[in-house]
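In terms of this note's numbering, the sequence shown opens at residue 185 and continues consecutively. A virtual CB, placed ideally from N, CA and C, is assigned to each residue, including glycine. This one's a predicted model, so the numbers in the text were calculated from it and none came from an experiment. Beneath this line is the structure, given in structure tokens, with notes to follow.
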Amino acid sequence: MSGSVSRPTLALGLAAVALSLVTLVGLPTPLQAVTATAVLILLPGQALARLTPVTDAALGALLVLALGLATLTAVSTAMFYLAVWSWQACVVTMGAITVLACLARARREAAT
């Protein structure tokens, strides 16, 4: 698959866009919680973790959670101090971070 973008990278980016939109539109409460968790923590964490050379599965899973929570904390804190915090803006920002990390990964994959 030399010179092309992998399916996981593409799927992760598309999932970030789709779930961000679905979260903003609104869902029943249990589904809203699941999609919000995915968009705010898991997807950005996974996208950022894929930029690292970690191959151990357990360490990779821990890295996904750590990077997702750290990114969410940084974004929320910055929005709070800039007085622009809203949950919708946070969802959009985290979705954008995920897409940007996927683009960085896709660029790396296409170069090899």
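- Three or more Cβ pairs closer than 8 angstroms define a contact, and the stretch 191-199 meets that threshold against the stretch 270-286.
- Distance between alanine 273 and glutamate 293, taken at the CA atoms: about 30 angstroms.
- A direct Cα-to-Cα measurement between glycine 252 and alanine 242 gives close to 16 angstroms.
- Spanning the alpha carbons of valine 268 and threonine 261 requires a straight line of approximately 10 angstroms.
- Contact annotation, leucine 247 with threonine 236: C-beta distance approximately 7 angstroms; criterion of less than 8 angstroms satisfied.
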